[in-house]
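J.: Can you keep this structure in mind? I'll have questions shortly.
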Amino acid sequence: MKNKNTLRIPIGFAAGALFLWIADPEPRSYAAGALFMILGEAVRFISAGTLIKFEGVTRNGIYGFTRNPLYTGSFLIGAGACIMSRSIIFTVLFLALFPITYFRVIRREESYLVGRYGEEYERYLREVPRFWSGRLNIGEILRESSPFLAVKNRELRAVSGVIAVLAIMAVKMFL
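Under my numbering, the first residue of the sequence shown carries the number 1242, and numbering increases by one thereafter.
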């Protein structure tokens, strides 16, 4: 599926640079924000380690509990960065723009996947919630995830981004 929303990435990088410039972390906001960011990246890494692209509908592991674990992880990373930064402006912008942006992306992806996988994906839409269901089996989620598959799915780029933000914010905090 081609990404029709190509401006999302460069706008995100520009906003990220401005965000890092304005951020004013202190030890408690850094610790709390880092916790959210690390949790978010863990969710993304597990998700990327479960997803086998273009080989059918992934229903195992974390994808049996939520249809959008990568976006859930991204939300946690963004929320953590906002907590860490102590920026009201960016927090309000993030909370307003993230849902608008990602609900459009999710709807477009769902339409594409229904076209590609038909009834199999329509059944998945009915059976698995868009975000978290009330039940969660961490053992099953971890058992179905492979770090090698996460690397193959290029999740190390996101890991590198989280590490870079944590490092930059740590430097800002101590300068």
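We put the beta carbon where it would ideally sit given N, CA and C, even for glycine. These numbers were taken from a predicted model, which means no experiment stands behind them.
Taking the alpha helix (DSSP H) that PRO1370 belongs to, which residues open and close that run?
T.: Unbroken run through PRO1370: none, as it is neither H nor E.
J.: Name the two residues that bound the continuous alpha helix (DSSP H) containing ALA1411.
T.: Taken as a continuous stretch (DSSP letters only), the alpha helix (DSSP H) holding ALA1411 covers 1397–1415.
J.: Mind pulling the alpha helix (DSSP H) runs of 4 or more residues that sit fully within the segment 1291–1345?
T.: For the segment 1291–1345, whole alpha helix (DSSP H) runs of length 4 or above, ordered along the chain, are 1310–1326.
J.: From the DSSP output, in three-state form, read off SER1288 for me.
T.: If DSSP states are grouped into helix, strand and coil, SER1288 belongs with the helices.
J.: Please identify the residue among ILE1252, GLU1396, ALA1264 and ALA1256 whose C-alpha is closest to the C-alpha of VAL1412.
T.: Per the Cα distances, ALA1264.
J.: With distances taken Cα to Cα, identify the nearest neighbour of PHE1254 among LEU1416, ALA1405, MET1414 and PHE1415.
T.: Answer by Cα proximity: ALA1405.
J.: According to DSSP, simplified to helix, strand and coil, what is ALA1264?
T.: Residue state, collapsed to three classes: coil.
J.: Determine contact between the segment 1304–1311 and the segment 1370–1388, defined as no fewer than three beta-carbon pairs at a distance below 8 Å.
T.: Contact holds: three or more Cβ-Cβ distances are below 8 Å.
J.: What residue range does the alpha helix (DSSP H) around GLY1380 cover?
T.: First-last of the alpha helix (DSSP H) with GLY1380: 1379–1384.
J.: Is the beta carbon of ALA1302 sitting closer than 7 Å to the one on ILE1379?
T.: Per the sequence shown, the amino acid found at residue 1302 is Gly instead of Ala. Taking 7 Å as the Cβ cut-off, GLY1302 and ILE1379 do not qualify as a contacting pair.
J.: What do you get for ALA1273, buried or exposed, if any count of 16 or more other CB atoms within 10 angstroms of its CB means buried?
T.: When all chains shown are included, ALA1273 counts as exposed.
J.: Is the beta carbon of GLY1290 less than 7 Å from the beta carbon of SER1401?
T.: Against a cut-off of 7 Å, the Cβ pair of SER1401 and GLY1290 comes out as no contact.
J.: For ARG1285, is the classification buried or exposed, using 16 other Cβ atoms within 10 angstroms of its Cβ as the cut-off for buried?
T.: That one is buried.
J.: For GLY1274, decide whether its Cβ has a neighbour in chain C, counting only Cβ atoms nearer than 7 Å.
T.: Absent here is chain C; the protein component of the structure consists of one chain.
J.: Nearest-angstrom Cα distance between ILE1279 and PRO1310?
T.: When rounded, the distance between both Cα atoms is 14 Å.
J.: Do you know whose CA, among PHE1260, GLY1257, PHE1277 and ILE1293, lies nearest ASN1394's CA?
T.: For the residues PHE1260, GLY1257, PHE1277 and ILE1293, the minimum Cα distance to ASN1394 belongs to ILE1293.
J.: Are there 16 or more other CB atoms within 10 angstroms of the CB of SER1352, so buried, or fewer, so exposed?
T.: SER1352 comes out exposed.
J.: How close, in whole Å, do the beta carbons of GLY1281 and LEU1317 come, if the pair is a contact with beta carbons under 8 Å?
T.: The Cβ separation is near 3 Å, so the contact holds.
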